[in-house]
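Just below is one structure, and these are the notes that go with it.
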Amino acid sequence: MTVLELSTVSKRYGQELAVDNISFQVEEGRIVSLLGPSGCGKTTTLRLVAGFEVPDGGDILIRGESVRRKRPYERNLGLVFQDYALFPHMSVEANIAFGLRERGVPPSEFPARIRSVLDLVKLPDYGKRNPHQLSGGQQQRVALARALVTRPSLLLLDEPLSNLDAKLRDSLRVELRQILTSAGITTIIVTHDQSEAMSLADHIIVMNRGRIMQRGSAEEIYGAPANKFVADFIGQTNWFRGRLNGGRFVTEDGLSITIAGKAPGGAVELGIRPERIAVQTKGTTVAVGVNALDGVIDKTEYLGSTIHHWVRLANGRRIHAVVQNNGQCFARDGESIRIEIRPEDCLLLAPDEQDPPEPRDGRQPICTHVLQEGEGGRRKVS
Amino acid sequence: MKRLADNVLGLMVGCLSIATIAFLVAPLLIATVMSFDSREFLGAFPPPSLSLQWYVGFFSDASYLKGLQVSLILALAATALSCLVGVAAAFTLDRYSFPGKETLSAFFLSPLVVPHVIIGFSLLLFFSTIGVFDGWVRLIGGHLIITVPYVIRTTLASLVGIRKSLTEAALILGATERRAFWKVTVPLAKTGIATGAVFAFAYSMDDVSVSLFLTGPDFYTLPVAMTAAMRSAFDLRIAAAAVCLIVLTIALIWFLDRVVGLDKVIGQGVYHK
Amino acid sequence: MKLTRGAALVLGLVVAVYGALMLYPLLRVFEDSFREFIPGRIGSAANAPLTLANYTDLLHASYVSYFWDTFRIGLIASVLGVLLAFPIAHFVARRRSDWLRRATVGFLITLMFLSVLVRVYAIELSFGPAGFAREIARLFGVASASRFYIEFMIVLGLLHYAVPMSALVLIGTIQNVNPRLVEAAQALGSARWKSHLAVTLPLSARGLLSAFLVSFTLSISAFIVPMVLGRGKIMFVSNLIYTRFSELANFPSGSAVAVVMLGISLLVIYAVSRLTSGGWERAVR
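Quick mapping for you: the protein sequence lines, in order, are chains A, B and C. For the first sequence, numbering that gives the first Met the number 0 begins at 0 and goes up steadily by one. For the second sequence, numbering that gives the first Met the number 0 begins at 0 and goes up steadily by one. For the third sequence, numbering that gives the first Met the number 0 begins at 0 and goes up steadily by one.
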């Protein structure tokens, strides 16, 4: 069933439209991420769902019931704040018990529920400690436990990993996903970090300037971005300006690139992801239909598992290519090489982020492997 | 050469600081020692032998005891009233926004810049013209106005330091605004209120300038009695009284440390590890 | 949140308390200062004629000298207080949380809370005629009953409050100065004392001015310290107000002195707070 629905919700601060007519639904048990740069409206959306702000237009429904008029304490939601917001004057136990007490759970049930939720976050004997005695990662887990113990309809996480250092972030990401799936709780994660969104969430909603740019799985968003903003925000892209001419794209600086598929109407730019560019030695045969451009290596960065090349093409244009380190020889600075680009890897997208009025999903994903329902669970791929 | 200058200057500054502290402490120590002087007159320091005669004299002097009693009751009453008024003002100022809020806050802190003599003088004039002659009302009024700003200041500082996310966390966990206020905001403001209360008590016990105008020949506070004594008979019973006040002050500081923690009163600053 | 009726009521009550205990009395004092003095009454008679005599009287040399003494000695005490407090404050501020830090802070707060009478009495006992007056006076090369020595005692009495008060303000200020900056200056070749002069001092400027302001305001309003330690030879403005009331019951004149004194105090606060450009209530904090 649909746990959360936003219906043409908008919120204005003074002259600024922080959230511009957005609508989306979240099904039970799903983990959804609101992803976007600062100021895109994701945090405002979170606060609207939580009830700390009231929408100017539209409605918010939780389990089919409008909560527009409901205060935060009437919504039965769980929220983990970016700074965790653990009550400093209470122990871990008291922090967790707070929600139970406010929701009228009989005190006799407290010990069992507190214990079970502390076990869930792997902090079984931490009940008597105080928040200032805990590390950042531990505080986050206690905040999570506190939010989950009341068995809310929906869990909201505000930038859950941003306050942790890099190494901790990676290990906690795995654990967090584990906790969320084993609790089976419907979750919305707000973040600006694409790797956080892509690793934690089943479904990503990309936002910018108060609007939804695209929604879909990580694969769909990455492989088939709906517009230039999404292609730039997630991963990296080399861009070419120019015009379409039949089955080819002619760039401003004179390159002619064969493309595939249907291009959207209007002005477009051609984008190509760095890892989709093959770097070959000159003289090898090129497969049919594949674009081949001569160039010279400007700079090579050896980063261990990947190798980054900056290639200067014949017309002076510089391109970023990334190659997996497969133990073979790789091109060095100054070497003459040839880059190859397959037509189907070319992204043709509108240059200014024309926000599609009806948020449309991207093109069909490249992968045509069919997954049975139940295999890999939540993904629906054709 | 630089290192020599550094070391010499460092040494000089260090000595200066120690000398400063010594100059500040020395009179108190001398007074304390002299309060145990066994001689019956005021002789040169140090006393040849010790005795408790001055303490006996102090505690058996009816006027001193009366003054002490009035001072203590007054301090308690003033502190209680200050906390009532001050906490109400501070919480209201913190929670609501309205035009002129800055000016009102400044106005509430303004007694801190008015010389106490002027406050005492003006209150005497005021009370006399409206016909209020009761000593308690006058003194409590005077002490109230000079101590309330301290309570407002410390309570407000404490409230401002409470992160907004804490009250929001309480709300999302199911607490109404009222319950969040009592369960989260008030406990976290306790240190500010306690600090303000200690300040109020200390400054009320200490006050002379205001009290001098509002007391009378048969109704006075301990500091006023001591002042009168200092002008007439400069004997060592005053030393005994002084030592009692020192002990009381140290007790207050110790209490402040236990309840609030002196580090919290001063703060740690942003660069503290 | 916008003001509710209950909240407005609370604020209104507090304003009423302040109005009754401070505003209105001060207004009465202001009004009284313009009335003629009629002996035997507290305050002036209801229909006493208006006059500026109370103010013009103050222009006589003797009165001006009281004001001059007050501000001069107050200035010396506040400046000295801030200078002496700075190294102590720096010592405490840079220390980690340990017993020595807490002991020093506790000591400073104790000095601040200590009744002015205790301090004054202790100083009179130790440095007055019954104590080491002659020895110390000889150090300065003056007689123990000379004006200079009496001023010295008054300054000492004022320092007893100025030093701890300034130190406590400065601890807060210095704690917010990045300690790495002095290290950076030293790494660039500057001696440690020079680094402090170039880095710590300027960055603490606001706190220094604030500490000075608090000490100065309190020093010029000092009452007991000059009264007991001045031994009648040196009087501060507050003593002048008191004698007007106690010896002559001349409220109009006392009121005039009070108005002038309050006016000058507020002017000083305003001027210094413009320097710190932080608003006066932050300067006083």
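Cβ atoms here follow ideal geometry from the backbone N, Cα and C, with glycine treated the same way.
Measuring straight from C-alpha to C-alpha, what distance separates residue i and residue j?
| i | j | result |
| --- | --- | --- |
| Leu312 (chain A) | Asp169 (chain A) | 37 Å |
| Arg359 (chain A) | Leu179 (chain A) | Interpretation of Arg359 (chain A) is limited by its pLDDT of 43, a score under 50 that renders its predicted location unreliable; no figure is taken from the coordinates. |
| Leu82 (chain C) | Leu261 (chain C) | 26 Å |
| Arg2 (chain B) | Gly130 (chain C) | 42 Å |
| Tyr219 (chain B) | Gly99 (chain B) | 40 Å |
| Ser37 (chain B) | Leu158 (chain C) | 31 Å |
| Val141 (chain A) | Leu122 (chain A) | 8 Å |
| Ala15 (chain C) | Arg27 (chain C) | 16 Å |
| Arg68 (chain A) | Phe228 (chain A) | 35 Å |
| Asp56 (chain C) | Met234 (chain C) | 17 Å |
| Ser304 (chain A) | Asn325 (chain A) | 8 Å |
| Ser32 (chain A) | Cys39 (chain A) | 13 Å |
| Glu357 (chain A) | Val205 (chain A) | Confidence at Glu357 (chain A) is low in this model, with a pLDDT of 41, below 50, so the placement of that residue is unreliable and no value is reported for it. |
| Val136 (chain B) | Leu73 (chain B) | 10 Å |
| Ala25 (chain B) | Thr31 (chain B) | 10 Å |
| Thr50 (chain C) | Tyr202 (chain B) | 38 Å |
| Glu16 (chain A) | Lys10 (chain A) | The residue asked about is misnamed: residue 16 (chain A) is Leu in this sequence, not Glu. Going from the Cα of Leu16 (chain A) to the Cα of Lys10 (chain A) covers about 6 Å. |
| Tyr12 (chain A) | Val53 (chain A) | 11 Å |
| Gly98 (chain A) | Arg177 (chain B) | 15 Å |
Could you work out which residues of chain B lie near residue i, taking near to mean beta carbons separated by less than 9 Å?
| i | result |
| --- | --- |
| Tyr72 (chain A) | Ala169, Leu170, Ile171, Leu172, Gly173, Ala174, Thr175, Glu176, Arg178, Ala179 |
| Arg102 (chain A) | Leu172, Gly173 |
| Thr149 (chain A) | Leu172, Gly173 |
Can you tell me which residues form a DSSP beta bridge with residue i?
| i | result |
| --- | --- |
| Met206 (chain A) | A:Ile211 |
| Arg337 (chain A) | A:Gln279, A:Asp293 |
| Gln193 (chain A) | Paired residue(s): none; Gln193 (chain A) is not in a bridge. |
| Leu49 (chain C) | C:Arg34 |
| Gly215 (chain B) | B:Phe218 |
| Glu15 (chain A) | A:Tyr12 |
| Tyr301 (chain A) | A:Ile306 |
| Gln320 (chain A) | A small fix is needed here, since residue 320 (chain A) is Ala in this sequence, not Gln. Answer by DSSP bridge pairing, in chain order: A:His308. |
| Trp53 (chain B) | Per DSSP, none; premise fails for Trp53 (chain B). |
| Gly77 (chain A) | A:Leu154 |
Mind pulling the chain B residues with CB within less than 7 Å of residue i?
| i | result |
| --- | --- |
| Ala49 (chain A) | Ile171 |
| His159 (chain C) | Leu23 |
| Gly98 (chain A) | Leu172, Gly173 |
| Leu76 (chain A) | Ile171 |
Taking C-beta to C-beta, are residue i and residue j nearer than 8 Å?
| i | j | result |
| --- | --- | --- |
| Val397 (chain A) | Thr185 (chain A) | The shown model of chain A, from 0 to 381, leaves out residue 397 (chain A), and the question about it has no answer. |
| Gly294 (chain A) | Ile258 (chain A) | no |
| Asn126 (chain A) | Leu117 (chain A) | With the sequence shown as reference, residue 126 (chain A) is identified as Gly, and Asn is not the correct amino acid for it. Going by C-beta atoms, Gly126 (chain A) is nearer than 8 Å to Leu117 (chain A). |
| Val27 (chain B) | Ile252 (chain B) | The residue asked about is misnamed: residue 27 (chain B) is Leu in this sequence, not Val. The answer is no: Cβ separation not under 8 Å. |
| Ser237 (chain C) | Phe36 (chain C) | no |
| Ala266 (chain A) | Ala349 (chain A) | yes |
| Ile219 (chain C) | Gly73 (chain C) | yes |
| Gly9 (chain B) | Tyr72 (chain A) | no |
| Ala240 (chain B) | Leu211 (chain B) | no |
| Ile122 (chain C) | Thr226 (chain B) | no |
| Asp234 (chain B) | Leu41 (chain B) | yes |
| Leu171 (chain A) | Gly136 (chain A) | yes |
| Ser109 (chain B) | Pro24 (chain C) | no |
| Tyr17 (chain C) | Phe106 (chain B) | yes |
| Pro86 (chain C) | Leu23 (chain B) | no |
Please find out if some non-hydrogen atom of the ligand NAD comes closer than 7 Å to the beta-carbon of residue i.
| i | result |
| --- | --- |
| Arg27 (chain C) | With respect to the ligand NAD, the structure offers nothing, as it holds no ligand at all. |
In chain C, which residues lie less than 8 Å from residue i when you measure between Cβ atoms?
| i | result |
| --- | --- |
| Tyr95 (chain B) | Met0, Lys1, Leu2, Thr3, Ala6 |
| Gly215 (chain B) | Those do not exist, as Gly215 (chain B) stays about 12 Å from chain C at its closest Cβ, beyond 8 Å. |
| Leu261 (chain B) | Arg101, Val104, Gly105, Ile108 |
Could you list which residues in chain A have their beta carbon closer than 9 Å to that of residue i, in chain order?
| i | result |
| --- | --- |
| Pro186 (chain B) | Phe86, His88, Met89 |
Which residues in chain C have a C-beta closer than 7 Å to the C-beta of residue i? List them in chain order.
| i | result |
| --- | --- |
| Leu8 (chain B) | Trp192 |
| Val12 (chain B) | Pro86 |
| Ser81 (chain B) | In chain order: nothing, as chain C lies at least about 10 Å away. |
Since residue i meets chain A, which of its residues come closer than 7 Å, beta carbon to beta carbon?
| i | result |
| --- | --- |
| Ser164 (chain B) | Phe80, Asp82, Ala84 |
| Val183 (chain B) | Phe86 |
Could you work out which residues of chain B lie near residue i, taking near to mean beta carbons separated by less than 8 Å?
| i | result |
| --- | --- |
| Tyr54 (chain C) | The premise fails here: Tyr54 (chain C) is roughly 16 Å from chain B at the closest Cβ pair, so nothing lies under 8 Å. |
Note to self: What ranges does the beta strand (DSSP E) occupy inside the segment 120-159 of chain A, keeping only unbroken runs of at least 3 residues that lie completely in it?
What the structure shows: Taking only runs of at least 3 residues, the beta strand (DSSP E) segments lying wholly in the segment 120-159 of chain A are 153-157.
Note to self: Suppose only complete runs of 4+ residues qualify. What are the alpha helix (DSSP H) ranges in the segment 176-230 of chain C, listed by chain order?
What the structure shows: Runs found: 178-186, 191-194, 204-219, 223-228.
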